[in-house]
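>
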Amino acid sequence: MLNPTLAATLGPMRAPFLLLVPAVIALAWASAFYDGQPVRLCDLLLAFFGAMAAHISVNALNEYEDFRSGLDLHTKRTPFSGGTGTLPTHPEKAPLALLVGVVSLMLVFAVGAWFVYRRGPALIPLGLVGVALIVFYTRFLTRSPLWCLLAPGLAFGPIMVLGAYFALTGHYGVTPAVASLLPLFLVSNLLLMNQFPDQEADATVGRYHLLLARGPAAGVAVYGLFIAGAYASVLIAVLTGYLPLASLLVLLSLPPALLAHQGLRRHHADIPALVPHMAQNVALNLSAPLLLSLGLFLSGDGLARDEVAERSLSQLVNQQLDYDGRLVRVQGTLRSHPSPLHYWVEDDELHRVEISPMPGVTELLGMIVSVEGVFHYQRDRGRTIDVRSLVPVE
Numbered sequence: 003m004l005n006p007t008l009a010a011t012l013g014p015m016r017a018p019f020l021l022l023v024p025a026v027i028a029l030a031w032a033s034a035f036y037d038g039q040p041v042r043l044c045d046l047l048l049a050f051f052g053a054m055a056a057h058i059s060v061n062a063l064n065e066y067e068d069f070r071s072g073l074d075l076h077t078k079r080t081p082f083s084g085g086t087g088t089l090p091t092h093p094e095k096a097p098l099a100l101l102v103g104v105v106s107l108m109l110v111f112a113v114g115a116w117f118v119y120r121r122g123p124a125l126i127p128l129g130l131v132g133v134a135l136i137v138f139y140t141r142f143l144t145r146s147p148l149w150c151l152l153a154p155g156l157a158f159g160p161i162m163v164l165g166a167y168f169a170l171t172g173h174y175g176v177t178p179a180v181a182s183l184l185p186l187f188l189v190s191n192l193l194l195m196n197q198f199p200d201q202e203a204d205a206t207v208g209r210y211h212l213l214l215a216r217g218p219a220a221g222v223a224v225y226g227l228f229i230a231g232a233y234a235s236v237l238i239a240v241l242t243g244y245l246p247l248a249s250l251l252v253l254l255s256l257p258p259a260l261l262a263h264q265g266l267r268r269h270h271a272d273i274p275a276l277v278p279h280m281a282q283n284v285a286l287n288l289s290a291p292l293l294l295s296l297g298l299f300l301s302g303d304g305l306a307r308d309e310v311a312e313r314s315l316s317q318l319v320n321q322q323l324d325y326d327g328r329l330v331r332v333q334g335t336l337r338s339h340p341s342p343l344h345y346w347v348e349d350d351e352l353h354r355v356e357i358s359p360m361p362g363v364t365e366l367l368g369m370i371v372s373v374e375g376v377f378h379y380q381r382d383r384g385r386t387i388d389v390r391s392l393v394p395v396e
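For any residue, its number in the working numbering is found by taking its place in the sequence shown, counting from 1, and adding 2.
1) Is Ile136 close to the ligand SAM? I mean its beta-carbon at under 7 Å from any heavy atom of the ligand.
2) In three-state terms, what does DSSP make of Thr80?
3) Apart from the five residues on each side of it in sequence, which residues of its chain come closer than 8 Å, Cβ to Cβ, to Thr483?
4) Measuring CB to CB, does Val240 end up less than 8 Å from Leu293?
5) Along the chain, where does the alpha helix (DSSP H) containing His263 start, and where does it finish?
6) Going by C-alpha distance, which of Pro127, Ala55, Pro246 and Met280 is nearest Leu101?
7) Can you list, in chain order, the residues of its chain whose CB lies under 7 Å from that of Tyr225, leaving out five sequence neighbours each side?
8) Could you check where the alpha helix (DSSP H) with Val207 kicks off and where it finishes?
9) Considering only residues of the same chain and omitting the five flanking positions on each side of Ala215, which have a CB-CB separation below 8 Å?
10) Suppose you measure from the CA of Leu98 to the CA of Val110; what does that come to, to the nearest Å?
11) Excluding five sequence neighbours on each side, which residues of the same chain lie with their C-beta closer than 8 Å to the C-beta of Val180?
12) If I measure Cβ to Cβ from Leu186 and keep anything under 7 Å in the same chain, skipping five residues before and after, which residues do I get?
13) Whole angstroms are fine: how far does the CA of Leu125 sit from the CA of Gly132?
14) Rounded to whole angstroms, what is the Cα-Cα separation between Asp326 and Ser33?
15) For a test of the three-state rule: what should DSSP assign to Gln282, helix, strand or coil?
16) Let's see if you can read the secondary structure: which residues bound the alpha helix (DSSP H) around Leu143?
17) Got a sec? Which residues, its chain only, sit under 7 Å from Ala275 by beta carbon, not counting five neighbours each side?
18) Closer than 6 Å by C-beta to Arg337: which residues in its own chain qualify, once you throw out the five before and the five after it? Chain order, please.
19) So which of Asn61, Leu170 and Phe198 has the shortest CA-CA distance to Pro218?
20) As a quick exercise: from Ala25, Ala49 and Ala134, pick the residue whose alpha carbon is nearest that of Phe168.
21) Just how far apart, CA to CA, sit Arg70 and Gly297?
22) At what residues does the alpha helix (DSSP H) containing Ser71 begin and finish?
23) How many whole angstroms separate the CB atoms of Ala62 and Ile27, which I take to be in contact at a CB cut-off of 8 Å?
24) If we call anything under 8 Å between Cβ atoms a contact, is Ala30 one with Val176?
25) Which of the three DSSP states, helix, strand or coil, is assigned to Pro24?
26) What do you get for Cys404, buried or exposed, if any count of 16 or more other CB atoms within 10 angstroms of its CB means buried?
27) Could you check if Arg120 is buried or exposed, using at least 16 other CB atoms within 10 Å of its CB as the buried criterion?
28) For Arg16, name the three-state secondary structure that DSSP assigns.
29) Expressed to the nearest angstrom, what Euclidean distance is found between the alpha-carbon atoms of Pro178 and His92?
30) How is Tyr139 classed by DSSP in three states: helix, strand or coil?
31) Exposed or buried, Glu65, counting other C-beta atoms within 10 Å across all chains shown (16 or more means buried)?
32) Using 10 angstroms around the beta-carbon of Asp37, count the other beta-carbons present and answer buried if the total reaches 16, otherwise exposed.
33) Assuming contact is defined by CB atoms lying nearer than 8 Å, are Phe82 and Val222 in contact in what I supplied?
34) Quick one: is Ala17 buried, meaning 16 or more other Cβ sit within 10 Å of its Cβ, or exposed?
35) For Leu300, which of Pro127, Ala112, Leu247 and Val189 has the nearest alpha-carbon?
36) Would you tell me roughly how many angstroms separate the C-alpha atoms of Leu22 and Asp200, rounded to the nearest one?
So this is what it looks like as C-alpha cells:
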C-alpha cells in the first residue's frame, strides 16, 4: 500500500497509459531512419523525455480537474476509464496532483526551448499547439464534440510525431507526416471508446462530447470510420510511394481492430462486456505504430536521401550520355523531402538547388520543361524520383 503522498504523486501520472509515448516516438525515429537522417542518441532520449512529460502533464491536470469538478465521484471506474481514484481516496493531496501537472508542463517548455535553440524556430508553432491541447483539454475541449474527438489524435499523431522528427532532424518531412495519420485516427478512437462508460457522469459536469451530442450509435459509426481511415492512410501512402511496402506490416494489427469494433457495436451499452474490447483497443494503439515503425526500419538503408538521389541521377545521366553522345540536363524532384530538391546536370556536373514549389519554377532555373518519363530507382523498395526534364543542353 503506497503512502498518500506517493500515491498522489504517481497515481495521476496514469503510468499504464504512458506506454503510448514510446510507441509514437518510435514512429518518429523510424521515419528519420527511413529518410536517411542521422539521429543522435541524446536527441532521441531528450525528445522521448519531453513527450513523456507532456503525457504526464495532461494526465495529471486531467485528474485534478476531474476531481475538482466532481466527475471522479460519479464515474463507473474501469481499468481503462473513470480516472485512477487516487484523489477521491486522498482528497487532501489534490494540490500535489496539480503540482505534478504544472512541473511536467514546465519540463515540456524546457525541452522545447532547447530544441528551438538547437534546431530553429520552426518548432515553435507546433509546440504551442501541443501546449494548448494540454492546458485546455479537460476544461474547454471536452465541451466540444469535434475537439474532444480529435484533440487526442492530433496530440499523439501529427504534433508528437512531427515534433519529435523535427527535434531529431532539424526539419519536417513527408514521411513522418504521412505516418502520423495512423495514431491520429487510432488515439482518437482510444479516447472515444473510453468515453462510453462515463456518459452519464460526463453530462453531470458539463462535458459535451460526441456520445452526448449524437448518441452512442454515432460513436460506434465514427469508431469504425476511424479504423478504416487509419489503415487506408497507410495503404494509400504505400500505393503512392510515400511509405515503403514493408509498412503493410501494420495490417498484422487489423484483427484486434476488427474485434474491438465488433465488441463496441455489440456491447456499447454493457460496460462489463465492453471492458475486454477496451483492452483490445489499447493493444491496437500500441501494436500498430510499432509495426509501422518496424516496416520503416526494415526499409531504411542509412543513406541520406539526397546522397541516393545524386547517385541515381548521375547513373541516369551517364546512360543518356552513352546513348546519344550529347550533354543533357536532368531535373528531378525528391518527393519525400520537406521542400523539393531539384537536381540537374549541366556540362557533366551535378547541380542542386532547394526551392519552394511554384508555377514556372523550371523557367526560373532556365530549363525547358519536357516530360519524357519517370525514372524509378530501388532506394527503399518503392520510393521514386520524378524526372521532369531530359533535354539537350543548348
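We put the beta carbon where it would ideally sit given N, CA and C, even for glycine.
Quantities reported herein were computed from a predicted structural model and do not represent experimental measurements.
This is what the structure gives:
1) With respect to small molecules bound, the structure shown includes none, and the ligand SAM cannot be examined in it.
2) strand
3) Any answer about residue 483 is impossible in this case: the structure gives the chain only from 3 up to 396.
4) no
5) Leu256 to His269
6) Ala55
7) Asn191, Leu194, Met195, His263 and Leu266
8) Neither: Val207 is in no alpha helix (DSSP H) and is coded neither H nor E.
9) Pro147
10) 18 Å
11) Ser235, Ala239, Tyr244 and Leu245
12) Gly155, Leu156, Gly159 and Pro160
13) 11 Å
14) Confidence in Asp326 is poor, its pLDDT being 35 and thus under 50, which makes the residue's placement too unreliable to answer from.
15) helix
16) Run containing Leu143: none; DSSP gives neither H nor E here.
17) His269
18) Unreliable placement is indicated for Arg337, whose pLDDT of 36 sits below 50; the coordinate value is still reported in the next sentence. Nothing listed; no residue qualifies.
19) Phe198
20) Ala49
21) 44 Å
22) Leu43 to Ser71
23) 20 Å between Cβ atoms; not a contact.
24) no
25) helix
26) Residue coverage of the chain in this structure runs from 3 to 396, which leaves residue 404 outside it and unanswerable.
27) exposed
28) coil
29) 42 Å
30) coil
31) buried
32) buried
33) no
34) exposed
35) Leu247
36) 22 Å
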